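>
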Amino acid sequence: MNMIGGAFIMAFVQFLRRILAVTRLSNNRYRPERHYMRGPGPKSRARSARNGEGMEAAQRLEGG
302 MNMIGGAFIM AFVQFLRRIL AVTRLSNNRY RPERHYMRGP GPKSRARSAR NGEGMEAAQR
362 LEGG
């Protein structure tokens, strides 16, 4: 392989590595907002209902 061909191949390999790095960063599939709880769930409502807070507490939790 001559000097020009080898330099071209090395430059091309570096180019591909950079493209792969960018696509890996942009393709991050973890979205934390999809995993965090967005308020009290059904178990919390049931627990508060058992503690005597009744339907009023459940309606407040649901926003009603």
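Residue numbers 302 to 365, in our numbering, belong to the letters of the sequence shown in order.
Built from N, CA and C at the ideal position, the CB exists for glycine as well.
Computed from a predicted model, the values in this text were never measured in an experiment.
Tell me where the alpha helix (DSSP H) around Gly306 begins and ends.
Its alpha helix (DSSP H) spans residues Met304 to Ser327.
> Which residues mark the beginning and the end of the alpha helix (DSSP H) in which Pro343 is found?
Run containing Pro343: Pro343 to Arg351, per the alpha helix (DSSP H) assignment.
> Which class does Arg330 belong to by DSSP, given the choice of helix, strand or coil?
The answer is coil: DSSP assigns Arg330 none of H, G, I, E or B.
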